[in-house]
Amino acid sequence: MPLLEIDKDKCIGCGGCVEACPLGALSLVDNLAVVDEKCTACGACLLACPVHALNLPEAGPQEAAKDLAAYSGVWVWVEQFHGKTGSISVEMLGQGRRLADSRKVALTACVLGHNVEHITKEAISFGADRVFWVDDPTLAAYSTAPYASTLINLVREYKPEIFLMGASSRGRDLAGSVASVLYTGLTADCTGLEIDPEKGLLLQTRPAFGGNIMATIICPNNRPQMATVRHRVFEMPVADLKRQGQVIPIKTAMSAEQITTHVVDSILEKDEVNLADARIIVSGGRGVGGPAGFETIRKLAELLGGAVGSSRSAVDAGWISYAHQVGQTGRTVRPDLYIACGISGQIQHLAGMKTSRVIVAINKNPEAPIFNVANYGIVGDLFQIVPALTEQFKNKLHK
Amino acid sequence: MNIIVCIKQVPDTTDVKINPETNTLIREGVSSIINPFDMYAIEEGLRLKEKFGGKVTVISLGPPQSIKALKEAVGMGADEAIQLSDRAFAGSDSWATSYTLALAIKKLGKFDIILCGKQAIDGDTGQVGPGIASQLGITQLTYVFKIIKLEPEIGKITVERLLEEGREIVEARLPALLTVVKDINQPRAATLFHMRRASSLQIPTWTAADLPGADLSKLGLKGSPTQVIKISSPPKREGVLDLIKADSAEQSAAILADKIIAEKIL
Numbered sequence: 000m001p002l003l004e005i006d007k008d009k010c011i012g013c014g015g016c017v018e019a020c021p022l023g024a025l026s027l028v029d030n031l032a033v034v035d036e037k038c039t040a041c042g043a044c045l046l047a048c049p050v051h052a053l054n055l056p057e058a059g060p061q062e063a064a065k066d067l068a069a070y071s072g073v074w075v076w077v078e079q080f081h082g083k084t085g086s087i088s089v090e091m092l093g094q095g096r097r098l099a100d101s102r103k104v105a106l107t108a109c110v111l112g113h114n115v116e117h118i119t120k121e122a123i124s125f126g127a128d129r130v131f132w133v134d135d136p137t138l139a140a141y142s143t144a145p146y147a148s149t150l151i152n153l154v155r156e157y158k159p160e161i162f163l164m165g166a167s168s169r170g171r172d173l174a175g176s177v178a179s180v181l182y183t184g185l186t187a188d189c190t191g192l193e194i195d196p197e198k199g200l201l202l203q204t205r206p207a208f209g210g211n212i213m214a215t216i217i218c219p220n221n222r223p224q225m226a227t228v229r230h231r232v233f234e235m236p237v238a239d240l241k242r243q244g245q246v247i248p249i250k251t252a253m254s255a256e257q258i259t260t261h262v263v264d265s266i267l268e269k270d271e272v273n274l275a276d277a278r279i280i281v282s283g284g285r286g287v288g289g290p291a292g293f294e295t296i297r298k299l300a301e302l303l304g305g306a307v308g309s310s311r312s313a314v315d316a317g318w319i320s321y322a323h324q325v326g327q328t329g330r331t332v333r334p335d336l337y338i339a340c341g342i343s344g345q346i347q348h349l350a351g352m353k354t355s356r357v358i359v360a361i362n363k364n365p366e367a368p369i370f371n372v373a374n375y376g377i378v379g380d381l382f383q384i385v386p387a388l389t390e391q392f393k394n395k396l397h398k
Numbered sequence: 000m001n002i003i004v005c006i007k008q009v010p011d012t013t014d015v016k017i018n019p020e021t022n023t024l025i026r027e028g029v030s031s032i033i034n035p036f037d038m039y040a041i042e043e044g045l046r047l048k049e050k051f052g053g054k055v056t057v058i059s060l061g062p063p064q065s066i067k068a069l070k071e072a073v074g075m076g077a078d079e080a081i082q083l084s085d086r087a088f089a090g091s092d093s094w095a096t097s098y099t100l101a102l103a104i105k106k107l108g109k110f111d112i113i114l115c116g117k118q119a120i121d122g123d124t125g126q127v128g129p130g131i132a133s134q135l136g137i138t139q140l141t142y143v144f145k146i147i148k149l150e151p152e153i154g155k156i157t158v159e160r161l162l163e164e165g166r167e168i169v170e171a172r173l174p175a176l177l178t179v180v181k182d183i184n185q186p187r188a189a190t191l192f193h194m195r196r197a198s199s200l201q202i203p204t205w206t207a208a209d210l211p212g213a214d215l216s217k218l219g220l221k222g223s224p225t226q227v228i229k230i231s232s233p234p235k236r237e238g239v240l241d242l243i244k245a246d247s248a249e250q251s252a253a254i255l256a257d258k259i260i261a262e263k264i265l
């Protein structure tokens with residue numbers, strides 16, 4: 000069945016759509032437009048129709064361009080894992096609130112999961128005016144299709160102007176799918192979001208080429224303007240438990256039978272692996288010398304409540320697992336404190352950590368490039384300095 | 000089994016030049032490589048072929064010189080390669096790129112698995128894989144670092160995905176698009192045998208006219224919902240290096256500990 004709908008009462012049989020169709024899927028029968036199976040719902044015919052007799056469930060770009068004004072409000076997808084709100088989403092709610100105030104519109108949070116009513120309250124306390132609450136057993140664990148289809152339906156019905164998600168593994172997976180189906184712009188991994196005071200467009204700034212350039216990107220003719228936002232760039236808002244908001248229960252878009260992807264097991268790592276959420280990271284590189292050397296790194300990380308990172312060379316040597324790798328082919332991190340031990344600081348490593356707030360470098364080689372981005376440095380043997388530093392913190396922090 | 004691998008040619012340098020008039024990246028004159036994550040996708044495709052039979056087709060959207068990346072993939076053992084190159088594709092953002100690649104994949108016919116790298120190291124978006132999957136209406140499995148089980152006869156795949164909190168084992172239905180991370184394998188080097196084949200292989204170049212059903216208004220810059228309006232340098236790191244020098248490791252460590260504590264992070 001072609002997706003294109005033709006309103007026979009409106010059609011005047013002018014044939015404009017027949018000419019516009021790149022596939023030859025439209026023809027005139029008895030002076031009325033008729034569509035056949037060749038139609039791919041591309042939308043090319045929509046603008047050609049002078050009487051708006053053609054309609055597609057998925058609005059094409061021209062269609063979107065016509066009714067940009069119909070889109071209003073800022074939305075945030077609130078990510079949760081095992082019923083716990085992701086801190087990245089709390090940051091998003093703070094940013095969403097700021098953008099919504101700037102556009103003088105409401106902030107809506109989309110909470111999907113199972114037994115997640117508590118998160119709706121949390122979202123309101125962090126700034127949401129309205130919460131779409133989709134609670135269903137099929138949404139307990141994140142899976143692309145049911146999450147994406149539910150959000151796509153909501154966007155089509157309620158037409159938000161801006162839709163933000165965290166640039167986490169799940170956020171990137173979901174946003175890429177949603178934006179693709181909606182035919183709208185998606186800017187990945189933003190580190191800056193502002194509203195253009197003249198046109199009201201969302202100005203999305205992101206690093207590219209391993210952080211060597213910053214690009215500011217707009218989405219002028221499609222809606223919603225979508226962005227994923229890098230973790231730990233923006234301040235966490237303060238919860239206001241007295242804030243009031245509206246919670247609207249919504250049904251999920253897919254039935255259990257329609258869902259073909261199932262999470263059968265999840266293996267949680269210790270906190271030392273979760274680089275993305277870590278405020279403090281202690282990282283080791285080639286200078287660590289072997290798997291046993293990482294024990295020294297681990298002790299300091301554990302004392303400070305931080306995660307353990309590593310350079311690519313330590314991962315490639317098999318000293319530590321890939322989940323720990325920081326840099327261009329690993330994770331990009333932005334902790335408050337990054338302690339690089341025995342890491343020379345190749346450009347690919349720097350790309351993954353140079354926006355950390357405070358960088359400390361401990362390296363034997365005074366010429367190591369890591370010192371160019373470090374706030375504090377010690378030239379010396381990490382096996383002497385790191386244990387000594389651990390001892391010092393133990394005493395000074397009374398741990 | 001029909002395996003399709005999408006690859007991107009990326010600059011092998013971090014020195015980026017920008018055309019001030021168009022605000023686009025100047026890629027001429029910079030040596031190019033296959034995006035490192037895509038190397039893992041190619042390798043995984045070759046391993047699946049070795050295990051299950053079938054063929055590996057690599058496709059790439061890019062300027063004419065991206066043929067080199069495709070030849071390299073054939074040199075590793077890929078059976079066929081398709082280049083997508085046309086002025087009409089120029090300036091594609093991640094949406095238009097996904098759209099174009101999905102049209103080419105539809106033209107290729109029946110497939111079981113599509114493999115992509117988790118992201119390209121120049122754009123860093125990670126959006127094209129999910130974009131292609133959505134355009135084709137197939138399962139997407141991102142950040143895969145292990146294919147645990149593949150059962151083509153019943154159309155089922157089981158993979159392990161790498162997430163922030165740990166790992167996740169997921170069962171899904173084929174056909175599926177997988178984006179892979181570095182840990183999944185160790186890419187092989189090109190062999191002389193395959194390199195000879197690559198040098199004589201005529202790789203077809205498809206233009207917009209070769210893609211059935213292409214909506215020309217959705218291709219290239221014109222079809223891209225996003226526009227780059229400004230390129231700038233990243234903010235410089237503030238402050239200068241405070242290099243701590245003391246007589247012993249203990250003293251240095253003590254001074255450093257005090258300075259870190261004074262930053263009020265701990």
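Those protein sequences? They're chains D and G, same order as listed. Numbering that gives the first Met the number 0 numbers the first residue of the first sequence as 0 and each following residue consecutively. Numbering that gives the first Met the number 0 numbers the first residue of the second sequence as 0 and each following residue consecutively. Each residue gets a CB set at the ideal place from its N, CA and C atoms; glycine is no exception. As the structure is a prediction and not an experimental result, all values here were calculated from the model.
Beta-bridge pairing of residue i - partner residues as DSSP gives them
i, result
"Val-77 (chain D)", "D:Val-110"
"His-261 (chain D)", "G:Glu-170"
"Thr-178 (chain G)", "G:Cys-115"
"Gly-165 (chain G)", "D:Leu-267"
"Thr-225 (chain G)", "For Thr-225 (chain G), which the question treats as bridged, DSSP gives no partner whatsoever."
"Ser-231 (chain G)", "D:Met-213"
"Ile-58 (chain G)", "G:Cys-5, G:Ile-81"
"Asp-11 (chain G)", "In the DSSP output, where bridge partners are listed per residue, Asp-11 (chain G) has none listed."
"Pro-206 (chain D)", "D:Met-213"
Beta strand (DSSP E) segment containing residue i, residue limits
i, result
"Met-38 (chain G)", "Looking at the DSSP string, Met-38 (chain G) is not in any beta strand (DSSP E); the run it does join, the alpha helix (DSSP H), is 35-51."
"Pro-386 (chain D)", "Not the beta strand (DSSP E): Pro-386 (chain D) falls in the alpha helix (DSSP H), residues 381-395."
"Phe-373 (chain D)", "It should be noted that the sequence gives Ala, not Phe, for residue 373 (chain D). Taken as a continuous stretch (DSSP letters only), Ala-373 (chain D) belongs to no beta strand (DSSP E), as it is neither H nor E."
"Asp-134 (chain D)", "129-134"
"Phe-144 (chain G)", "138-150"
"Asp-100 (chain D)", "Unbroken run through Asp-100 (chain D) is the alpha helix (DSSP H), 86-102; no beta strand (DSSP E)."
"Ser-247 (chain G)", "Unbroken run through Ser-247 (chain G): none, as it is neither H nor E."
"Glu-197 (chain D)", "Per DSSP, Glu-197 (chain D) belongs to no beta strand (DSSP E) and is neither H nor E."
"Gly-165 (chain D)", "161-165"
"Val-232 (chain D)", "Val-232 (chain D) -> no beta strand (DSSP E), and no H or E assigned at all."
"Gln-245 (chain D)", "245-248"
Expected contact under 8 Å - CB spacing of residue i and residue j to nearest Å
i, j, result
"Lys-181 (chain G)", "Thr-328 (chain D)", "5 Å"
"Gly-90 (chain G)", "Gly-238 (chain G)", "Actually they do not touch by this definition, with Cβ atoms about 39 Å apart."
"Ala-275 (chain D)", "Ser-167 (chain D)", "7 Å"
"Gly-305 (chain D)", "Phe-293 (chain D)", "That pair is no contact at about 14 Å."
"Ser-176 (chain D)", "Ala-103 (chain G)", "Not quite, the Cβ-Cβ distance comes to about 20 Å (not below 8 Å), so this is no contact."
"Ala-108 (chain D)", "Ala-122 (chain D)", "4 Å"
Chain A contact residues for residue i, given Cβ-Cβ distances below 9 Å
i, result
"Thr-190 (chain G)", "The structure shown contains no chain A; the protein chains it does contain are D and G."
Chain G contact for residue i (CB, 8 Å cutoff)
i, result
"Glu-57 (chain D)", "Because the pLDDT of Glu-57 (chain D) is 39, which lies under 50, any placement of that residue in the model is unreliable, and the number read from its coordinates should be weighed accordingly. With 8 Å as the cut-off, Glu-57 (chain D) does not count as an interface residue toward chain G."
"Phe-293 (chain D)", "no"
"Pro-60 (chain D)", "A caution first: Pro-60 (chain D) carries a pLDDT of 47, below 50, which makes its placement in the model too unreliable to give a value."
"Gln-391 (chain D)", "yes"
Within-8 Å CB hit, residue i to chain D
i, result
"Glu-249 (chain G)", "yes"
"Arg-187 (chain G)", "no"
"Asp-246 (chain G)", "no"
"Pro-35 (chain G)", "yes"
"Ser-91 (chain G)", "no"
"Arg-86 (chain G)", "no"
"Glu-262 (chain G)", "yes"
"Ser-267 (chain G)", "Lying outside 0 to 265, the shown extent of chain G, residue 267 (chain G) is not represented and no answer is given."
"Asp-123 (chain G)", "yes"
"Gly-108 (chain G)", "no"
"Leu-161 (chain G)", "yes"
"Pro-224 (chain G)", "yes"
"Asp-182 (chain G)", "yes"
Start-to-end residues for the alpha helix (DSSP H) that takes in residue i
i, result
"Leu-27 (chain D)", "It is not in any alpha helix (DSSP H) - Leu-27 (chain D) instead sits in the beta strand (DSSP E) that spans 25-28."
"Phe-192 (chain G)", "191-199"
"Ala-68 (chain G)", "66-75"
"Gly-128 (chain G)", "127-135"
"Ile-151 (chain D)", "143-157"
Alpha helix (DSSP H) runs wholly inside the segment 292-363 of chain D, at least 4 long, in chain order:
293-303, 311-315, 346-352
Whole runs of the alpha helix (DSSP H) within the segment 81-123 of chain G, excluding any shorter than 4 residues
93-107
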